[in-house]
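Undergrad:
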Amino acid sequence: MKPLVFLEHHQGELAKGPLGVLAKAAAVGDGPVAAVLIGGGALTALAEQAGKFGATTVYVVQDDALDPPLPQPRVDVLDEVVRLGGFDTVLFSNSVLAADVAAALAARLDAGLNWDLVDIANHDGELIGKRPALQDSILIDVGWRSPHRIALFRTGSCEIVATGGDARVELLDVHPHEHSRAATLVSQTLREDKSHALEDAEVIVAGGIGLGSAESFVLAEDLAELLGGAVGATRAAVYKGWYSHTAQVGQTGKTVTPKLYVALGISGAVQHKVGMQNSKVIVAINKDANAPIFEFSDLSVVGDVHTIVPALIELLRQRK
Amino acid sequence: MKIAVCVKHVPTGNLRISPDSNRLDRSGPGELNAVDKNAIEEALRLKGDGEVVVVSMGPTSATESLRTALALGADRAVLVSDPAAAGSDLIATSKVLAKVLGREAADLVLFGQQTSDGAGAVLWATVAELLRLPFVSQAATVTMQDGSVRVTRETEVGDDVIDARLPAVVSVSDTINEPRYTSLKGMMGAKKKPLEVLTLADLGLGAGDAGDGGSKTSVLGIAKPPARVNSIKITDDGTAAQAIVDYLADKQLV
Ligand SMILES: Cc1cc2nc3c(=O)[nH]c(=O)nc-3n(C[C@H](O)[C@H](O)[C@H](O)COP(=O)(O)OP(=O)(O)OC[C@H]3O[C@@H](n4cnc5c(N)ncnc54)[C@H](O)[C@@H]3O)c2cc1C
Ligand SMILES: Nc1ncnc2c1ncn2[C@@H]1O[C@H](COP(=O)(O)O)[C@@H](O)[C@H]1O
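Protein chains in written order, with this note's numbering: chain A, 1 to 320; chain B, 321 to 574.
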């Protein structure tokens, strides 16, 4: 297998998801692991950093025309690199951009795409992906039947391994196809959140619709403070305006892996789950005994957040 | 403005894998994929005095969902239904849809955000690439301009405003609008609207393009995921708070 990993970067930092995929590619590939880094400005320093996480060669295409996070010019780059380097497997960590790039590349290469993978294994050259389905109630083994294989991993499903290695950086020029330039970025407003407060927190207390109101998020805040952590929220709660978007955990929010994740009134929809399932210990409080979140919690508490959480806060205060 | 909307007929309620084929059991009742209604709604809003055509690939029962789409206000429907198309994966499905969309030559092609059964949420990208058209995903708003479409969207990192030259492919987020409900009048009217059913041969496609023969991925096996080990479940009888403190203390988390 000759793997190629699609790296992403935001505001001068490599995204974590693809770094985990580098480690996974190294583990199943047993050989060199190449990567691609695309964007505007100077990227060689960032490309070298990828070496510390397992990339042996990083192809860099730096061109201000590639700064906008649009998928199609990136497909042209990957198509070119795949042919140039004879790569047979292209691996992605899910994001809005990566999913679009992976799929369009699959069409370009007439290749199979398996998405939402949580793991991958190599059986004598045959790759087998693991994909949860039906609300994660089953795990499907998936394969590829095309010369090129495209794999899109669920965000945060591959653990990052700091190898401390060095990557060879190769600069390339690629000229996008005509149709790849037919979409243009008019503007981009980056969300003000470089703090990584949530991603770095060792404890997260997250609130969902079950908290009932914006005011009740005080319960999450008080509990988070006592446990030395940060506050997270579901998309449903964020959409109601109960808490800030920067606190959103899940498919369209942050991916977190704290030591402790406390879920208050959260049903455990798969889009939320993907952002927090790799937390070490998950404690969930939900009044519905059949809530899906209980299927992946370490401590499941069936009950009302409005009675249990104030009592919990009181007990923790007494301990201090 | 001619707008094509790709919609899917999905199984109603709990999904089930049929043990002999390793495929999703599609023999039960089905319905129009919920978020595809957002795409239809947006098309109706944008069409002006143009036309909205809904396009789908699926079993013959998918005509039910297309009737729903017509009842919501679409003008015309095209279904590709062929036993040889069963089991199509992403690439196979996109080849079929791209063929139909190529024939329709709409100014704008809309997709819903995700299906409840396949949930790939990428079909627009493969279809657009096969048609060599620009695409934008996750649209939170769509505005027509002269010769182009403007899309705003939200990603993990921020908010984008993107212009795409027409013809273009756009997938809409489920937050873009509030889809209307089907009315009795709409349902009556839907019966008279044209619904065309095509086979693969009608589109000039063969067994190597769609279905199992055209698929580039395969399902090798199905297993139960490992459960969380040592998980504990308690029901609050007034002592849950204390139980949580004890648990956290035991794990050295407090
Ligand atoms: C494309 C897409 C992307 C998405 N991305 C995300 C994402 O990034 N993050 C995310 O979180 N969601 C995301 N979602 C939404 C997701 O599907 C769910 O709708 C959402 O996670 C539900 O949030 P919730 O658990 O707060 O609300 P609900 O599903 O409404 O659950 C509320 C829970 O609270 C319980 N409850 C009610 N009252 C009490 C009480 N007094 N005490 C205890 N429990 C109580 C209920 O039993 C219920 O289980 C996405 C959806 C889509 C389609
Ligand atoms: N068989 C199909 N026929 C027509 N459109 C489809 C089909 N499957 C998916 N779609 C469209 O593609 C979107 C994304 O689907 P998916 O990639 O399955 O999550 C859906 O919301 C539909 O708009």
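In this text, a Cβ means the ideal position worked out from N, Cα and C, and glycines have one as well.
(1) Can we say the region 170 to 183 of chain A touches the region 449 to 460 of chain B, given the rule of at least three CB pairs closer than 8 angstroms?
(2) Under a CB-based cut-off of 9 angstroms, is B/L296 close to chain A?
(3) Would you call the region 409 to 418 of chain B and the region 540 to 553 of chain B in contact, with 3 or more CB pairs under 8 angstroms?
(4) Please identify the residue among A/G85, A/K24, A/S95 whose C-alpha is closest to the C-alpha of A/E8.
(5) Along chain B, in chain order, which residues have C-beta atoms closer than 8 angstroms to that of A/A182?
(6) Measuring alpha carbon to alpha carbon, tell me which residue in A/A151, A/L113, A/A214, A/S137 is nearest A/G268.
(7) Quick one: measure Cβ to Cβ for A/V36 and A/L78, integer angstroms, because I've assumed they're closer than 8 angstroms.
(8) Please report how far the alpha carbon of B/K328 lies from the alpha carbon of A/T255, in whole angstroms.
(9) Identify whether B/E476 lies in helix, strand or coil by the three-state DSSP scheme.
(10) Put A/W242 into one of helix, strand or coil per three-state DSSP.
(11) Find out if the Cβ-Cβ distance for the pair A/P292, A/Q135 is shorter than 9 angstroms.
(12) Which residues mark the beginning and the end of the alpha helix (DSSP H) in which B/M287 is found?
(13) Are the beta-carbon atoms of B/V492 and B/V462 separated by less than 9 angstroms?
(14) Give the interface partners of A/G156 over in chain B, defined as CB-CB distance under 8 angstroms, in chain order.
(15) Just checking: is the beta-carbon of B/S551 within a distance shorter than 9 angstroms of some beta-carbon in chain A?
(16) In the DSSP assignment, find the unbroken alpha helix (DSSP H) run with A/E170 in it and report its ends.
(17) Is the beta carbon of B/L364 within less than 8 angstroms of some heavy atom of ligand 3?
(18) Nearer than 8 angstroms: is that true of the beta carbon of A/A99 relative to any heavy atom of ligand 1?
(19) Would you report the Cα separation of A/Q11 and A/G51, rounded to the nearest angstrom?
(20) Determine the direct distance from the alpha carbon of B/A561 to that of A/A311, and round the result to whole angstroms.
(21) For A/N278, return the contacting residues in chain B, with the cut-off set at a CB-CB distance below 7 angstroms.
(22) Check whether the Cβ atoms of A/R332 and A/L127 lie closer than 9 angstroms to each other.
(23) Tell me the rounded alpha-carbon separation between B/Q572 and A/L223.
(24) By the three-class DSSP mapping on this structure, what secondary structure does A/I266 have?
(25) Which one or two residues does DSSP pair with B/C326 in a beta bridge?
(26) Is the CB-CB distance between A/V58 and A/V174 below 9 angstroms?
(27) For A/N286, count the other beta carbons within 10 Å of its own beta carbon; 16 or more makes it buried, fewer makes it exposed. Which is it?
(28) So, helix, strand or coil for B/G350, using DSSP?
(29) Rounded to whole angstroms, what is the Cα-Cα separation between A/L43 and A/L70?
(30) Round the Cβ separation of B/T495 and B/A460 to the nearest angstrom and send it over; I've been treating them as touching at under 8 angstroms.
(31) Do B/V416 and B/G393 have their C-beta atoms closer together than 9 angstroms?
(32) Work out the CA separation of B/K357 and B/L399 for me, nearest whole Å.
(33) Taking Cβ-Cβ distances below 7 angstroms as the criterion, which residues of the region 122 to 141 of chain A are in contact with chain B?
(34) With A/R191 and B/V481 assumed to form a contact (beta carbons below 8 angstroms), what rounded beta-carbon distance in angstroms separates them?
(35) Identify the contact partners of B/Q433 in chain A, using a Cβ-Cβ distance below 8 angstroms as the criterion.
(36) Assuming A/S279 is part of the beta strand (DSSP E), what are its boundary residues?
TA: By the coordinates alone:
(1) yes
(2) Shown here, chain B extends from 321 to 574; a query on residue 296 of chain B therefore has no answer.
(3) no
(4) A/S95
(5) L453, P454, A484, R485, A488
(6) A/S137
(7) 6 angstroms
(8) 30 angstroms
(9) coil
(10) coil
(11) yes
(12) Only positions 321 to 574 of chain B appear in this structure, which leaves residue 287 of chain B out of reach.
(13) yes
(14) Correct list: empty, because the minimum Cβ distance to chain B is about 12 angstroms.
(15) yes
(16) Unbroken run through A/E170 is the beta strand (DSSP E), 168 to 171; no alpha helix (DSSP H).
(17) Ligand 3 is absent from the structure shown, which contains only ligand 1 and ligand 2.
(18) no
(19) 19 angstroms
(20) 6 angstroms
(21) Those within 7 angstroms of A/N278 in chain B number zero; the least Cβ separation is about 12 angstroms.
(22) Any question about residue 332 of chain A goes unanswered here, given that chain A covers just 1 to 320.
(23) 16 angstroms
(24) coil
(25) B/V375, B/F431
(26) no
(27) buried
(28) strand
(29) 17 angstroms
(30) 6 angstroms
(31) no
(32) 17 angstroms
(33) I128, P132, L134, D136, I138, L139, I140, D141
(34) Incorrect: roughly 15 angstroms between the Cβ atoms, too far for contact.
(35) Ordered by position in chain A, no residue passes the 8 angstroms Cβ test against B/Q433, which lies about 10 angstroms from the chain.
(36) It is not in any beta strand (DSSP E) - A/S279 carries neither H nor E in the DSSP assignment.
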